[in-house]
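Single-structure report; data block below.
In my numbering, the protein residues as written are 1 to 89.
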């Protein structure tokens, strides 16, 4: 896991503290879909999109979730380093 950022969701209004990570994975298998533990009634949706589509969603305002935006900008700034660091894994 790569640490992205640690931050308050709304300083002064909430005490909720968020820690974001980006995980490096091999997407040879299809992970898109609804996942989670059935007994806990989890419905965690995962989607896989190309980086250019992510950044287009950021630019258009379609991506309007704070943690997603922070992670997207972090990925934009660190993408080349990640590719170099994980090239052989």
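For each residue, glycine too, the CB sits at the ideal point set by N, CA and C.
Quick caveat: nothing in here was measured; it's all calculated off a predicted structure.
*Which residue from 88, 51, 41 and 34 puts its Cα closest to that of residue 73?*
51
*How big is the Cα-Cα spacing for residue 23 and residue 68?*
14 Å
*asked:* By the three-class DSSP mapping on this structure, what secondary structure does residue 11 have?
replied: coil
*Hey, out of 53, 33 and 55, whose CA is closest to residue 45's CA?*
33
*asked:* Looking at the secondary structure, which residues open and close the alpha helix (DSSP H) in which residue 70 lies?
replied: 66 to 85
*Along the alpha helix (DSSP H) that carries residue 58, what are the first and last residues, could you check?*
51 to 60
*Where does residue 16 sit, in a helix, a strand or coil, going by DSSP?*
coil
*Would you mind stating whether residue 6 and residue 71 have Cβ atoms separated by less than 7 Å?*
no
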